[in-house]
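Chain order of the listed sequences is A and B.
Counting from 1, position 116 in the first sequence corresponds to residue 116 in our numbering; the numbering is continuous, with no gaps.
Counting from 1, position 142 in the second sequence corresponds to residue 323 in our numbering; the numbering is continuous, with no gaps.
All C-beta atoms, glycine included, are put in the ideal place defined by N, C-alpha and C.
Number of protein chains: 2
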Amino acid sequence: MKLRRSDYAILGLLRLGPGSGYDIKQRIDRSVAFFWNESYGQIYPRLKALEAEGLVKGRETPSARGGVRHVYSLTRRGAKALDAWIEEPVVPAPPRSELLLKLFIAGEPSLPALERHLVAHARDLRAELQQHAATHTLISDTEPGDVAWTLRRLTLDFGERTARAELAWAEHALEALGELT
Amino acid sequence: MKLRRSDYAILGLLRLGPGSGYDIKQRIDRSVAFFWNESYGQIYPRLKALEAEGLVKGRETPSARGGVRHVYSLTRRGAKALDAWIEEPVVPAPPRSELLLKLFIAGEPSLPALERHLVAHARDLRAELQQHAATHTLISDTEPGDVAWTLRRLTLDFGERTARAELAWAEHALEALGELT
DNA sequence: ATTTGCATGTAAAATGTTACATGATTGC
DNA sequence: GCAATCATGTAACATTTTACATGCAAAT
Numbered sequence: 001m002k003l004r005r006s007d008y009a010i011l012g013l014l015r016l017g018p019g020s021g022y023d024i025k026q027r028i029d030r031s032v033a034f035f036w037n038e039s040y041g042q043i044y045p046r047l048k049a050l051e052a053e054g055l056v057k058g059r060e061t062p063s064a065r066g067g068v069r070h071v072y073s074l075t076r077r078g079a080k081a082l083d084a085w086i087e088e089p090v091v092p093a094p095p096r097s098e099l100l101l102k103l104f105i106a107g108e109p110s111l112p113a114l115e116r117h118l119v120a121h122a123r124d125l126r127a128e129l130q131q132h133a134a135t136h137t138l139i140s141d142t143e144p145g146d147v148a149w150t151l152r153r154l155t156l157d158f159g160e161r162t163a164r165a166e167l168a169w170a171e172h173a174l175e176a177l178g179e180l181t
Numbered sequence: 182m183k184l185r186r187s188d189y190a191i192l193g194l195l196r197l198g199p200g201s202g203y204d205i206k207q208r209i210d211r212s213v214a215f216f217w218n219e220s221y222g223q224i225y226p227r228l229k230a231l232e233a234e235g236l237v238k239g240r241e242t243p244s245a246r247g248g249v250r251h252v253y254s255l256t257r258r259g260a261k262a263l264d265a266w267i268e269e270p271v272v273p274a275p276p277r278s279e280l281l282l283k284l285f286i287a288g289e290p291s292l293p294a295l296e297r298h299l300v301a302h303a304r305d306l307r308a309e310l311q312q313h314a315a316t317h318t319l320i321s322d323t324e325p326g327d328v329a330w331t332l333r334r335l336t337l338d339f340g341e342r343t344a345r346a347e348l349a350w351a352e353h354a355l356e357a358l359g360e361l362t
């Protein structure tokens, strides 16, 4: 079976420690959501497929509240597959920004709408920056300074730098639109 | 028929003037490729669908070299649909950066690979910045200063600002990796 | 002769999201 | 009682890329 990017994302998040499909989704939403996302509809079927391939192994544990939890952990083969993928060249995703597309194809009558979109975008970016700042202080407390810590810190830096650049652009764009009267 | 994002991209590029599927692809590659992309496998079938809906109308013209060109132009209804879409709130695409994912899930043994990826990424960004600079001087010559010009100029600004921020980050990340020895 | 650019299109495969379905427990 | 969180999963739908197929003309 050829693995997809989602599979590697799942394997990678399991390297942080064993977890259920639900846990994986939580980890995504709490730490990598600003550059990676997966839905349940992707996670659950893929965990089964990965188990069939022997890249993860699952075991059933009773959950704190009655139900059954399927907790998966990375196997040695899974870790190997993951490391091999990391070695491979990065495949760049074709970019798609709906906001920029609208800017590009709009005419005069659409200016008020564009202004609304830019204001909303700036708002979202400020929220993202606040979130990043919160994460920043959170991880600064437990600063181990090891490799994994440095790498995750770098992804956060990316989020902060690009969000700041985008925010500055959005503000610049709003000014420019204002000058068109 | 519910229109998809690709449809609006096609309609938008036809607003620049009538053109064939081939022309549309050229326009994309030459001006919006850094924030939007479509493949032929998308463009040709969609043009037919859009014509069936009366949003574009096609006519066959002989091409300079023998064959037949299908040249499409925007209809009044097509322009209306396009403007209505621009009014709607922007739907943010869930981000996916393979590079950052690899950073996040990598361990010590992957550091040389990460360095390679970052170097390649920095190279790509420098090429993109050069391309932007070239476009910049190109459009500065014919500076009409009207609305459409300002808006396209803003998308270019976005490309330049974010590419610069990403490049600065990549260089920072390479330094940080170097310090891990 | 062969590569490059112009030009159009289809079919299959890959990939992914959304909606639906179900059910327990905890805190308000 | 009700909302939120925990927890798992399927099916349908939507979307898109890739590979394939074809052919002419101009330039090298």
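If we call anything under 9 Å between Cβ atoms a contact, is residue i one with residue j?
i	j	result
Ser-212 of chain B	Arg-334 of chain B	no
Ala-165 of chain A	Ala-346 of chain B	yes
Leu-306 of chain B	Ala-344 of chain B	yes
Gly-340 of chain B	Phe-215 of chain B	yes
Ile-86 of chain A	Leu-337 of chain B	no
Leu-236 of chain B	Asp-188 of chain B	yes
Lys-206 of chain B	Tyr-221 of chain B	yes
Val-328 of chain B	Glu-108 of chain A	yes
Glu-279 of chain B	Val-91 of chain A	yes
Asp-264 of chain B	Ser-110 of chain A	yes
Ala-183 of chain A	Leu-13 of chain A	Here chain A covers residues 1 to 181 and nothing more, so residue 183 of chain A does not appear.
Ala-49 of chain A	Arg-277 of chain B	no
Val-71 of chain A	Pro-18 of chain A	yes
Gly-202 of chain B	Leu-228 of chain B	yes
Thr-331 of chain B	Ala-176 of chain A	yes
Trp-36 of chain A	Leu-281 of chain B	yes
Ile-105 of chain A	Arg-196 of chain B	yes
Arg-161 of chain A	Ala-315 of chain B	no
Please tell me whether residue i has its Cβ less than 9 Å away from any Cβ of chain A.
i	result
Thr-323 of chain B	no
Asp-204 of chain B	no
Val-328 of chain B	yes
Ala-349 of chain B	yes
Val-237 of chain B	no
Gly-247 of chain B	no
Leu-228 of chain B	no
Against chain B, does residue i count as a neighbour if the rule is that its beta carbon must be under 9 Å from one of theirs?
i	result
Ile-139 of chain A	no
Glu-108 of chain A	yes
Leu-3 of chain A	no
Ile-86 of chain A	yes
Asp-83 of chain A	yes
Asp-157 of chain A	yes
Leu-50 of chain A	no
Would you list the residues sitting across from residue i in a DSSP beta bridge?
i	result
Gly-58 of chain A	A:Tyr-72
Gly-200 of chain B	B:Tyr-253
In chain A, which residues lie with their C-beta within 7 Å of the C-beta of residue i?
i	result
Leu-335 of chain B	Leu-103, Ala-173, Ala-176
Just to make sure I have the definition right: I need the residues of chain A whose C-beta is within less than 8 Å of the C-beta of residue i. Which are they?
i	result
Glu-279 of chain B	Arg-5, Val-90, Val-91, Pro-92, Ala-93
Name, please, each residue of chain B whose Cβ falls closer than 8 Å to the Cβ of residue i.
i	result
Leu-180 of chain A	Val-328, Thr-331
Val-32 of chain A	Leu-281, Leu-282, Phe-285
Identify the contact partners of residue i in chain A, using a Cβ-Cβ distance below 9 Å as the criterion.
i	result
Arg-342 of chain B	Ala-165, Glu-166, Ala-168, Trp-169, His-172
_Residues in the region 294 to 323 of chain B having any Cβ partner in chain A nearer than 9 Å_ = Ala-294, Leu-295, Arg-297, His-298, Ala-301, His-302, Asp-305
*Cβ-based contacts, 9 Å cut-off: residues of the region 6 to 20 of chain A near chain B*: The region 6 to 20 of chain A vs chain B, Cβ under 9 Å: Tyr-8, Ala-9, Leu-11, Gly-12, Leu-13, Arg-15, Leu-16.
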